[in-house]
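*Asks:*
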Amino acid sequence: MNITVKKFQELTTSELYEILQLRSEVFVVEQDCVYQDIDGKDLKALHVLGVKEGKIIAYTRLFNSGEYFDTPSIGRVVVKESERKYGYGHDLIKASIKAIVDNYNETTITISAQTYLQKFYESHGFKQIGEGYLEDGIPHIRMVRK
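If you read the sequence shown in the working numbering, its first letter stands for residue 9, the second for the next number, and so on.
#1: At the level of alpha carbons, what is the spacing between leucine 30 and valine 87?
#2: What does the Cβ neighbour count give for histidine 55, buried or exposed, with the cut at 16 atoms within 10 Å?
#3: Name the two residues that bound the continuous alpha helix (DSSP H) containing serine 104.
#4: Considering Cα atoms alone, identify which of Ala107, Gly83, Glu89, Ile108 is closest to histidine 148.
#5: Compare the beta carbon distance of lysine 14 and glutamate 26 with 9 Å and say whether it is the shorter of the two.
#6: Helix, strand or coil for glutamine 17 per DSSP?
#7: Would you say glutamate 75 and lysine 49 are within 9 Å of each other, going by their C-beta atoms?
#8: For histidine 148, write down the residues that DSSP places opposite it in a beta bridge.
#9: Which stretch, first to last residue, makes up the beta strand (DSSP E) that contains leucine 57?
#10: Grouping DSSP H, G and I as helix and E and B as strand, with all else coil, what is isoleucine 46?
#11: In three-state terms, what does DSSP make of glutamine 136?
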């Protein structure tokens, strides 16, 4: 998998279509969660694309301090179901952390993580902050990496 980081304006229409298709496939269909994925925030995010054989199979979006949380953040973390067995999620998070350091010159990062992925994020240095909560009907926890 090759990883690239792009501003919204740098995405091609095909890339944007693939990103939205992947997010819908996982967050709406697979997780059976009806919510407004296209939330207007993509315009100011950095987009981390994991591409394999010409197709986007993994993705995150990144925000600078104050755009989502008080610190930079990683969100919409997604890997195509058929590709999860290869460890691409770990590569994606490492690349996202590096992109935040490179683009925002920050090391403290906040995420709103689905609770079942707590151990995954802990393996990348994130620690739970506060109590769990529901976000779009799915249990989440706030996690921070310093």
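Ideal Cβ placement from N, Cα and C applies to all residues, glycine included.
*Replies:* Quick answer:
#1: 8 Å
#2: buried
#3: 96-112
#4: Gly83
#5: no
#6: helix
#7: yes
#8: Gln122, Tyr141
#9: 54-60
#10: coil
#11: strand
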